[in-house]
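Engineer:
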Amino acid sequence: MFAEEPPDWNLDLDGSVTCELCGEEPATMHLLRVVDGAVSHTHLCSGCAEGVAEQSTGLALVLAVPSVLRQLSKKAADEDGSSTPVHSDYEQPVCGVCGTTLTDLKESGMVGCVSCYQVFAEHLEASLEGDAEPVEHLGKMPLHGPESDALGREILRLRRMLRELVDCERFEEAASVRDRLMQLGQRVEGGQS
Amino acid sequence: MSHATLAASALGLSRNEAGTRFPHVEDASALDELRLQVGDALQGSLWEHRWCPYDLDELSAVETAYLVEQGLMTPSFAGGSGAGRGFAVYDEGQASLEINGVDHIRLLGFRSGEGLDAVWSLLNQLDDRLETTVSYAFDARWGYLTSHPGRAGSGMRAYATLQVPALMLTGRLAGTALELIKQGLALAPLWGGAGGVIQVSNLMRQGRPESETIQQIQEISHGIVEKERSVRKMVLRENPVQARDHIGRALGVAQHAWTISFPEAVNVVSAAQVGLELGVADVPGLAAESAFRLMSRLQPAHIVMEHMDGKTGCLESPEVDQTRALVLREVFAGAGVRS
Numbered sequence: 038m039f040a041e042e043p044p045d046w047n048l049d050l051d052g053s054v055t056c057e058l059c060g061e062e063p064a065t066m067h068l069l070r071v072v073d074g075a076v077s078h079t080h081l082c083s084g085c086a087e088g089v090a091e092q093s094t095g096l097a098l099v100l101a102v103p104s105v106l107r108q109l110s111k112k113a114a115d116e117d118g119s120s121t122p123v124h125s126d127y128e129q130p131v132c133g134v135c136g137t138t139l140t141d142l143k144e145s146g147m148v149g150c151v152s153c154y155q156v157f158a159e160h161l162e163a164s165l166e167g168d169a170e171p172v173e174h175l176g177k178m179p180l181h182g183p184e185s186d187a188l189g190r191e192i193l194r195l196r197r198m199l200r201e202l203v204d205c206e207r208f209e210e211a212a213s214v215r216d217r218l219m220q221l222g223q224r225v226e227g228g229q230s
Numbered sequence: 013m014s015h016a017t018l019a020a021s022a023l024g025l026s027r028n029e030a031g032t033r034f035p036h037v038e039d040a041s042a043l044d045e046l047r048l049q050v051g052d053a054l055q056g057s058l059w060e061h062r063w064c065p066y067d068l069d070e071l072s073a074v075e076t077a078y079l080v081e082q083g084l085m086t087p088s089f090a091g092g093s094g095a096g097r098g099f100a101v102y103d104e105g106q107a108s109l110e111i112n113g114v115d116h117i118r119l120l121g122f123r124s125g126e127g128l129d130a131v132w133s134l135l136n137q138l139d140d141r142l143e144t145t146v147s148y149a150f151d152a153r154w155g156y157l158t159s160h161p162g163r164a165g166s167g168m169r170a171y172a173t174l175q176v177p178a179l180m181l182t183g184r185l186a187g188t189a190l191e192l193i194k195q196g197l198a199l200a201p202l203w204g205g206a207g208g209v210i211q212v213s214n215l216m217r218q219g220r221p222e223s224e225t226i227q228q229i230q231e232i233s234h235g236i237v238e239k240e241r242s243v244r245k246m247v248l249r250e251n252p253v254q255a256r257d258h259i260g261r262a263l264g265v266a267q268h269a270w271t272i273s274f275p276e277a278v279n280v281v282s283a284a285q286v287g288l289e290l291g292v293a294d295v296p297g298l299a300a301e302s303a304f305r306l307m308s309r310l311q312p313a314h315i316v317m318e319h320m321d322g323k324t325g326c327l328e329s330p331e332v333d334q335t336r337a338l339v340l341r342e343v344f345a346g347a348g349v350r351s
């Protein structure tokens, strides 16, 4: 069975993004504590969250999930000028296909259609800034998609693998991956898709 | 009784149709059309086994809860509303499909015990076949597009269910939760924390192939379970009287309670499983099934559907608690703590 979806999937509408403990740092962790079956929610900065976790004893269970969408909302707000009211003269991006506005996205954390990913690309990318991991899609792709896309992604995946293998000093395996990359590179240059 | 490394494995795969707006903004007629299109595909000859479609309007609250408890439907879909919603179960419960929930399509798979690889393999296959009739929304940069941008990418969320009461009781889960978050994973209680049953799942869906995510969840889950085992042994070694007392009281409740709530029943079964694994308890009635399987069938809708002929419309009625106690007494007949 599936647990209830974690609270990071729901934006807080009260707009509170400051740590509830220190009141200074931005709250990037949502701590959910279960004590004797009673559930409480707290928004904390990472420093305070670690402190709370260390002090947790007895039947307390402290859970943490990143407020990804809250960060998205905050970054988007910062870019627009954080003091900008929701209903202002500011001409915000609107998706021509589904009518979703940037305010809608900030409030609900949801986009309305495929086109929204282009219309709000800048804001969506901003939410991923600072991620250490590469964010290109590296997983499964539709069978009926263009093979050139598959080739491009395979190259990205192998490049990442090569980087990690070199970091781990697994040079023999790295050489094999490099050779494979060169083969794929030649296919691209040769126009084979 | 087997000591499965993982209590259960579950996986969800979100997809959307490229030419249709996402369910929360789309017109009812377009969503109905999509539901019919997917419904036709499920009735076609693409599949090795049969899809069984459900009419959501015909399902009672108990029947819906039963599907959720079985891992065939997500709680959010069960509690949702809107146009064009559909639901179907594949191969008598091996997988299921939600239509027009938060996204157009969500494939689900669930297994007791360890089996994330097997669930992924099946869902991947079903996904490939569905794609022959539905054009998926996909972007080279973002992957599979979803109504929540944070879920775009693989569109996959994998869940490993673990029973870790010793870690929870000794307050050791807090640090683990913070460690997991740094690796893009979440740790959440399945039944409000009852029985120390938790789920480890992935929050990140981008920048990593599905197989790597599954492997990561399995490896981390195995590590947590090993930690749980060592803490159980430590608790018995350092507090033998209290540990036996805790387990013995649980067996006493299981054998003599005439009415019991679901959370208390899960706590009792969890304590009994700890006693069994540590070799300080005998529960002959648990020889043939896992503790998690027993916990699952003690859920309210399971009790009503499997022991009360689905006759009561109320999952929280006193009769449900009484029937649950009866089931527990039967399973725990002859159980005892070794001295």
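In order, the protein sequences belong to chains C and R. When you number the first sequence by the numbering used here, it's gap-free, plus one each residue, and the end is 230. When you number the second sequence by the numbering used here, it's gap-free, plus one each residue, and the end is 351. Glycine included, C-beta positions come from ideal geometry on N, C-alpha and C.
(1) Roughly how many angstroms lie between the CA atoms of Glu87(C) and Leu48(R), to the nearest whole one?
(2) Sorted by chain position, which residues of the same chain lie with C-beta nearer than 8 Å to Trp154(R)'s C-beta, five sequence neighbours on each side aside?
(3) Would you kindly report the start and end of the unbroken alpha helix (DSSP H) that includes Arg336(R)?
(4) So, helix, strand or coil for Pro275(R), using DSSP?
(5) Where do the N-terminal and C-terminal ends of the beta strand (DSSP E) with Met168(R) fall, by residue?
(6) Please report whether the beta-carbon of Lys143(C) lies at a distance below 8 Å from any beta-carbon of chain R.
(7) Compare the C-beta of Glu9(R) with all C-beta atoms of chain C and state if any pair is closer than 8 Å.
(8) Please state if the CB of Gln137(R) and the CB of Ala172(R) are separated by a distance shorter than 8 Å.
(9) Taking Arg241(R) as the reference, which of Arg220(R), Leu288(R), Thr271(R), Ala269(R) has the closest Cα?
(10) Determine the DSSP secondary structure at Pro212(R), reduced to helix, strand or coil.
(11) Can you list, in chain order, the residues of the segment 136-158 of chain R whose Cβ is nearer than 9 Å to any Cβ on chain C?
(12) Phe122(R) touches chain C at which residues, Cβ-Cβ below 9 Å?
(13) Kindly list the residues whose CB is nearer than 7 Å to the CB of Asp126(C), restricted to its own chain and excluding five residues on each side of it in sequence; keep chain order.
(14) List the residues of chain C that Thr271(R) touches, going by C-beta distances under 9 Å, in chain order.
(15) Quick one, which of Phe157(C), Ser152(C), Met147(C), Val148(C) has its alpha-carbon nearest Gln129(C)'s?
(16) Which class does Asp294(R) belong to by DSSP, given the choice of helix, strand or coil?
(17) Three-state secondary structure (DSSP) at Glu143(R)?
(18) What does Ala86(C) touch in chain R if you count any residue whose Cβ is under 8 Å from its own?
(19) Going by other Cβ atoms of all chains shown within 10 Å of its Cβ, with 16 needed for buried, is Lys177(C) buried or exposed?
(20) Please classify Met246(R): is it buried, with 16 or more other beta-carbons within 10 angstroms of its beta-carbon, or exposed?
(21) Please list, in chain order, the chain C residues whose beta carbon lies closer than 8 Å to that of His258(R).
(22) Reducing DSSP to helix, strand and coil, say where Asp39(R) ends up.
(23) What is the residue span of the alpha helix (DSSP H) that Leu190(R) lies within?
(24) Can you find a C-beta in chain C that's less than 8 Å from the C-beta of Leu71(R)?
(25) Residues of the segment 34-46 of chain R with a CB closer than 9 Å to any CB of chain C: list them in chain order, please.
(26) Helix, strand or coil for Trp154(R), going by three-state DSSP, please let me know.
(27) Assuming Val316(R) is part of the alpha helix (DSSP H), what are its boundary residues?
(28) Does the CB of Thr79(C) have a neighbour CB from chain R at under 8 Å?
(29) Assuming contact is defined by CB atoms lying nearer than 8 Å, are Ala277(R) and Ala262(R) in contact in what I supplied?
(30) Give the straight-line distance between the Cα atoms of Glu170(R) and Arg141(R), rounded to the nearest whole angstrom.
(31) Could you give the C-beta distance for Gly208(R) and Leu179(R), rounded to a whole number, given that I count them as a contact under 8 Å?
(32) Determine, using beta carbons only, whether Thr86(R) comes closer than 8 Å to chain C.
(33) Taking Cβ positions, are Pro330(R) and Phe274(R) nearer each other than 8 Å?
(34) Give me the DSSP bridge partner(s) of Trp63(R).
(35) Over what stretch of residues does the alpha helix (DSSP H) that includes Ser88(R) continue unbroken?
(36) Output yes or no for whether 8 Å exceeds the beta carbon distance between Met38(C) and Gly83(R).
Structural biologist: Based on what the coordinates show:
(1) 50 Å
(2) Result list for Trp154(R): Pro161, Ala164, Gly165, Gln218, in chain order.
(3) 330-343
(4) helix
(5) 168-175
(6) no
(7) Absent from the structure is residue 9(R), since the part of chain R shown begins at 13 and ends at 351.
(8) no
(9) When Arg220(R), Leu288(R), Thr271(R), Ala269(R) are compared, the shortest CA-CA separation from Arg241(R) is found for Leu288(R).
(10) The sequence shown places Val at residue 212(R), not Pro. Note: Val212(R) maps to strand in three-state DSSP.
(11) Asn136, Asp139, Asp140, Glu143, Thr144, Ser147, Tyr148, Ala149, Phe150, Asp151, Ala152, Arg153, Trp154, Gly155, Tyr156, Leu157, Thr158
(12) Near Phe122(R) (Cβ distances below 9 Å), the residues of chain C are Met38, Phe39.
(13) Confidence in Asp126(C) is poor, its pLDDT being 48 and thus under 50, which makes the residue's placement unreliable; the coordinate value appears in the next sentence. For Asp126(C), where only same-chain residues beyond five positions count, there are no Cβ hits under 7 Å.
(14) Near Thr271(R) there are no residues of chain C at all, since even the closest Cβ is about 18 Å away, more than 9 Å.
(15) Phe157(C)
(16) strand
(17) coil
(18) Close partners of Ala86(C) in chain R (Cβ separation under 8 Å): Leu190.
(19) buried
(20) exposed
(21) Near His258(R) there are no residues of chain C at all, since even the closest Cβ is about 13 Å away, more than 8 Å.
(22) coil
(23) 185-194
(24) no
(25) Phe34, His36, Val37, Glu38
(26) coil
(27) 312-319
(28) It does not; no Cβ of chain R falls within 8 Å.
(29) no
(30) According to the sequence shown, residue 170(R) is Ala rather than Glu. Just so you know, the alpha carbons of Ala170(R) and Arg141(R) end up roughly 21 Å apart.
(31) Taking 8 Å as the upper bound for CB-CB distance, Gly208(R) and Leu179(R) are in contact here, some 7 Å apart.
(32) yes
(33) no
(34) Tyr102(R)
(35) 87-90
(36) yes
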